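J.: Please read through the structure below; I'll follow up with questions.
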Amino acid sequence: MNNTQAHVATVPGLRPVGRASLQQRVYDELTTSLMHGAFAAGQVLRMQAVADTLGVSIMPVREAIGRLVTERALEVMPNRSTRVPLITEARLDDLARARCLIEGELVRLAVPQMDADTLALLRRQTDACEAAFARLDEEHATETSVLNHEFHFTIYHAARSKVLLPVVRSLWMQSSPCVRASAIIYGRNPSLTAVHHHWALIDALEARDAGRAVAALHADITQSFDLIRADMKKAEHE
Numbered sequence: 004m005n006n007t008q009a010h011v012a013t014v015p016g017l018r019p020v021g022r023a024s025l026q027q028r029v030y031d032e033l034t035t036s037l038m039h040g041a042f043a044a045g046q047v048l049r050m051q052a053v054a055d056t057l058g059v060s061i062m063p064v065r066e067a068i069g070r071l072v073t074e075r076a077l078e079v080m081p082n083r084s085t086r087v088p089l090i091t092e093a094r095l096d097d098l099a100r101a102r103c104l105i106e107g108e109l110v111r112l113a114v115p116q117m118d119a120d121t122l123a124l125l126r127r128q129t130d131a132c133e134a135a136f137a138r139l140d141e142e143h144a145t146e147t148s149v150l151n152h153e154f155h156f157t158i159y160h161a162a163r164s165k166v167l168l169p170v171v172r173s174l175w176m177q178s179s180p181c182v183r184a185s186a187i188i189y190g191r192n193p194s195l196t197a198v199h200h201h202w203a204l205i206d207a208l209e210a211r212d213a214g215r216a217v218a219a220l221h222a223d224i225t226q227s228f229d230l231i232r233a234d235m236k237k238a239e240h241e
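Next up, the structure:
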């Protein structure tokens, strides 16, 4: 190993990308990692480390990070470094409200589109998510986040809304620190049930009951955000 190789930094949660459509591929890899909760709140993303990990030059990384800053998935610090936004109570409230509104409408649109194959897929995804939560610890927080993402976006894609789907993708990128934080809280508290609202949502979708489906989704979203709020308040008093 030469000196250059020995000092290459890497960023956990990212994979090298190919050369085709390089700028878009870098952006896609970063957005996927964000939506899957690969990065913790406050984590600094250094451009050179990201470029080294992805196997690309600085330029496409700079452009991708710039897009993500514009989309509020990342933020620029006074020293010009870029980090994953911190979790604050005001941000929790804002994100929870927006997600309930947008994702609730996607669920409502998805209800008439449900078929047996999609419902069976949702059940398999929930089984896998439940099993992942059963063995969850902090090192495996990303696994449950990936499975949770797959479940929700199976429903949202079924809604067939070309306008709302990009909006919800942006909300999930902005929610990424919350996704990871809630997974870690679940891991510390085995008595908490993380996916029972998923089962309630599946039952409502199968019954084609839009009101009950939206209520189950809202309960799923707010449970995670409420856990984070409670954890933050507990930390303040310790």
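Residue numbers for the sequence shown follow this note's numbering, beginning at 4 and rising by one.
Glycine included, every Cβ here is placed at the ideal spot set by N, Cα and C.
None of these values were measured; they are calculated from a predicted model.
Does DSSP put L25 in a helix, in a strand, or in coil?
T.: Taking the sequence shown and counting its residues from 1, the one referred to as residue 25 is at position 22. Residue state, collapsed to three classes: helix.
J.: Inspect the CB distances between the stretch 113-126 and the stretch 76-95 and report whether three or more fall short of 8 Å.
T.: Counting Cβ pairs under 8 Å, fewer than three are found: no touch.
J.: Do you know offhand how far P115's Cα is from L104's?
T.: Working through the sequence shown from its first residue, we reach residue 115 at position 112. Working through the sequence shown from its first residue, we reach residue 104 at position 101. Distance between the alpha carbons of P115 and L104 is about 19 Å.
J.: Relative to the C-alpha of R138, which candidate in A186, L98, E108 has its C-alpha closest?
T.: In the sequence shown, counting from the first residue as 1, residue 138 sits at position 135. For R138, the nearest C-alpha among the options comes from A186.
J.: Between the C-alpha atoms of C65 and R49, what's the straight-line distance to the nearest angstrom?
T.: For this step, residue 65 is matched to residue 62 along the sequence shown. For this step, residue 49 is matched to residue 46 along the sequence shown. Contrary to the premise, residue 65 reads as Arg rather than Cys in this sequence. Straight-line Cα distance between these residues: approximately 10 Å.
J.: Kindly indicate which three-state DSSP category M4 falls into: helix, strand or coil?
T.: Numbered from 1 along the sequence shown, position 1 holds the residue referred to as residue 4. Its pLDDT being 49, under 50, M4 is placed unreliably in this model, and the coordinates cannot settle the point.
J.: In the DSSP assignment, find the alpha helix (DSSP H) that holds F228 and state where it starts and stops.
T.: Looking up residue 228 in the sequence shown gives position 225. Residues 213-239.
J.: Take the Cβ of T34 as the centre, count every other Cβ of all protein chains shown within 10 Å, and call the residue buried at 16 or more, exposed below.
T.: On the sequence shown, position 31 is the one that residue 34 refers to. Classification for T34: buried.
J.: Within the stretch 138-189, note down every full alpha helix (DSSP H) run reaching 4 residues or more, in order along the chain.
T.: As far as the stretch 138-189 is concerned, its whole alpha helix (DSSP H) runs of at least 4 residues are 144-161, 167-177.
J.: Looking at R232 and L174, is the spacing between their C-beta atoms short of 8 Å?
T.: Along the sequence shown, read from residue 1 onward, the residue named residue 174 stands at position 171. Along the sequence shown, read from residue 1 onward, the residue named residue 232 stands at position 229. In this structure, R232 does not lie closer than 8 Å to L174 by Cβ.
J.: Give every residue of the same chain whose Cβ lies closer than 7 Å to the Cβ of L195, excluding the five residues on either side of it in the sequence, and list them in chain order.
T.: Reading the sequence shown from its first residue, position 192 is the one you call residue 195. Excluding sequence neighbours, L195 sits near Y189.
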